[in-house]
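Residue numbers (the numbering used here): 4 to 463.
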């Protein structure tokens, strides 16, 4: 998705104003999906007095199934206790089918809610003047209100997109698997995650001028690309000496989660962290070697290469659900039938009681070296909102090639993305939140902003 421009990335000189508005392509049809709302926070040792340097990262349950892995874009190319111990910790929130984190951008800082997406590398969000960009959790980023904002106005500093000589700007565009896209110009400003600015740095991003489809209707303002590309935030923090190593962790839950830079997200796990080597040379994805899938004790009887064709098997936090290759679909259904009896597997809603859901088999993914990650039924069976006892299986069997292990696969685990060491780790976290009640909790997010949230605090 990135262009061929290059630059130092340090930035200097007088503040540059935003370039002339981009020519607007015809907007794609917006999603007609009705949105389902739900709000909560992760219950990993939550206390009523959270540290002020922690900022929520949320998830909002909805029928919008996100697929935010980036795809090649020809237009862009041509044109526990003491969990929150440091400023590298940030609570996550739920959006419409995604998890997002609050970032602070500019001087003085403005809050920007960003989807955390390990399937792409660009960071972008709407700026003032954005056309057809929808209504999100925050106002558009006001470029005139930030004294440190710079629009990239030098070809040598055009890192993320492509230089347009006539307009004197660095044009950016990104398209995603789900069909949505955005258009932007490259800019630079101070950015940090969480309410403590100890990790603040000048960071290049896309100032969006147009969005389509799910980017218009999503709750979060923009997207934080966190794949293995060298321009991602974790990479830049490590390169500038603000992190001892390039790594970060996501600990996702139904209702929210925790993001941490520099190591695993939580200090204790039900099981020791297990690491898997990353497969090299695959478009900067977090690609892993999946060797087998089990439904209960029944192995999905398909060739191991089924999981590694095409892009291979990737871990993608920006994709709501898990997608397995269609080449293994029949074998998956056979294993399902052997494990549960007469039921055939599909993604149609089914009527089940909580007891029946708990009795379903776990789906286990076995990776290189024998590392296993388990998806219990309460994770892959999603209860339909406002429909008692109705559930939808959210493991899909229609991926063209390879597999996508989405946010529901990650749920219930502390997932340590460690590209500096060429590995990814999984540790089973100690608690999961159940969305059953919503007491009020006031969080101080920054010296000038206090926000009241209503997280669900009941532990399951």
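Where a beta carbon is used, it is the ideal one built from N, C-alpha and C, also for glycine.
Owing to the predicted nature of the structure, the values given are computational and were not obtained by experimental measurement.
Integer Cβ distance of residue i from residue j, believed to fall under 8 angstroms
{"i": "residue 317", "j": "residue 122", "result": "7 angstroms"}
{"i": "residue 261", "j": "residue 95", "result": "6 angstroms"}
{"i": "residue 226", "j": "residue 120", "result": "5 angstroms"}
{"i": "residue 377", "j": "residue 322", "result": "Not a contact, Cβ separation roughly 19 angstroms."}
{"i": "residue 232", "j": "residue 139", "result": "Not confirmed; about 24 angstroms, so no contact."}
{"i": "residue 366", "j": "residue 398", "result": "6 angstroms"}
{"i": "residue 409", "j": "residue 324", "result": "5 angstroms"}
{"i": "residue 149", "j": "residue 192", "result": "6 angstroms"}
{"i": "residue 468", "j": "residue 110", "result": "This structure gives no information on residue 468, because the portion of the chain shown stretches from 4 to 463."}
{"i": "residue 93", "j": "residue 197", "result": "4 angstroms"}
Cβ neighbours of residue i in the same chain (closer than 6 angstroms, five flanking residues each side left out)
{"i": "residue 419", "result": "252, 267, 428"}
{"i": "residue 210", "result": "130, 187, 188, 190"}
{"i": "residue 195", "result": "107, 202, 203"}
{"i": "residue 364", "result": "298, 299, 342"}
{"i": "residue 304", "result": "334"}
Residue i versus residue j - alpha carbon distance
{"i": "residue 270", "j": "residue 279", "result": "19 angstroms"}
{"i": "residue 395", "j": "residue 382", "result": "11 angstroms"}
{"i": "residue 165", "j": "residue 172", "result": "8 angstroms"}
{"i": "residue 224", "j": "residue 168", "result": "29 angstroms"}
{"i": "residue 158", "j": "residue 174", "result": "11 angstroms"}
{"i": "residue 215", "j": "residue 136", "result": "7 angstroms"}
{"i": "residue 425", "j": "residue 132", "result": "41 angstroms"}
{"i": "residue 104", "j": "residue 331", "result": "35 angstroms"}
{"i": "residue 2", "j": "residue 291", "result": "The displayed coordinates of the chain run from 4 to 463. Any statement about residue 2 would go beyond what the structure contains."}
{"i": "residue 360", "j": "residue 392", "result": "9 angstroms"}
{"i": "residue 344", "j": "residue 237", "result": "46 angstroms"}
{"i": "residue 249", "j": "residue 234", "result": "12 angstroms"}
{"i": "residue 264", "j": "residue 245", "result": "10 angstroms"}
{"i": "residue 372", "j": "residue 281", "result": "12 angstroms"}
{"i": "residue 402", "j": "residue 326", "result": "6 angstroms"}
{"i": "residue 179", "j": "residue 146", "result": "26 angstroms"}
{"i": "residue 239", "j": "residue 101", "result": "24 angstroms"}
{"i": "residue 144", "j": "residue 351", "result": "40 angstroms"}
{"i": "residue 170", "j": "residue 155", "result": "11 angstroms"}
{"i": "residue 355", "j": "residue 346", "result": "12 angstroms"}
{"i": "residue 163", "j": "residue 213", "result": "17 angstroms"}
{"i": "residue 307", "j": "residue 342", "result": "20 angstroms"}
{"i": "residue 113", "j": "residue 368", "result": "41 angstroms"}
{"i": "residue 328", "j": "residue 404", "result": "5 angstroms"}
{"i": "residue 228", "j": "residue 357", "result": "36 angstroms"}
{"i": "residue 142", "j": "residue 118", "result": "16 angstroms"}
{"i": "residue 388", "j": "residue 153", "result": "44 angstroms"}
{"i": "residue 185", "j": "residue 208", "result": "13 angstroms"}
{"i": "residue 205", "j": "residue 287", "result": "23 angstroms"}
{"i": "residue 411", "j": "residue 134", "result": "33 angstroms"}
{"i": "residue 243", "j": "residue 160", "result": "17 angstroms"}
{"i": "residue 259", "j": "residue 128", "result": "21 angstroms"}
{"i": "residue 272", "j": "residue 320", "result": "20 angstroms"}
{"i": "residue 415", "j": "residue 177", "result": "30 angstroms"}
{"i": "residue 254", "j": "residue 400", "result": "25 angstroms"}
Cβ neighbours of residue i in the same chain (closer than 7 angstroms, five flanking residues each side left out)
{"i": "residue 348", "result": "335, 336, 339, 396"}
{"i": "residue 289", "result": "121, 230, 231, 281, 317, 318, 420, 427"}
{"i": "residue 302", "result": "295, 338"}
{"i": "residue 285", "result": "314, 315"}
{"i": "residue 385", "result": "394, 395, 397"}
{"i": "residue 362", "result": "none"}
Neighbourhood of residue i by C-beta, 8 angstroms cutoff - its chain only, sequence neighbours within 5 removed
{"i": "residue 276", "result": "267, 417, 419, 428, 429, 430"}
{"i": "residue 423", "result": "241, 248, 249, 250"}
{"i": "residue 274", "result": "430, 431"}
{"i": "residue 374", "result": "277, 278, 279, 429"}
{"i": "residue 390", "result": "352"}
Any chain B beta carbon closer than 8 angstroms to residue i
{"i": "residue 406", "result": "Going by chain labels, chain B is absent from the structure shown, which holds only one protein chain."}
| query | If you scan the region 154 to 219 from start to end, which runs of the beta strand (DSSP E) of 3 or more residues do you find wholly inside it? | reply | Every beta strand (DSSP E) of 3 residues or more that sits fully in the region 154 to 219 is shown, in chain order, as 165 to 167, 172 to 179, 184 to 196, 204 to 214.
| task | Entirely within the region 306 to 349 and at least 4 residues each: give me those alpha helix (DSSP H) ranges in chain order. | result | If we require 4 residues or more, the alpha helix (DSSP H) runs fully inside the region 306 to 349 come out as 332 to 343.
| request: Return the chain-ordered ranges of every alpha helix (DSSP H) run that is complete within the region 226 to 258 and spans a minimum of 4 residues. | output: You should have 236 to 242.
| query | Are at least three pairs of beta-carbons, each pair with one atom in the region 373 to 381 and one in the region 307 to 314, less than 8 angstroms apart? | reply | Segments in contact, no.
| query | Can we say the region 295 to 307 touches the region 331 to 346, given the rule of at least three CB pairs closer than 8 angstroms? | reply | The region 295 to 307 makes contact with the region 331 to 346, as at least three CB pairs between them are under 8 angstroms.
| For the region 339 to 402, which segments carrying the beta strand (DSSP E) assignment without a break, of at least 3 residues, lie completely within its bounds, in sequence order? | As summarised for the region 339 to 402, the continuous beta strand (DSSP E) elements at least 3 residues long and confined to that stretch are 366 to 370, 375 to 378, 384 to 386, 393 to 396, 398 to 402, given in chain order.
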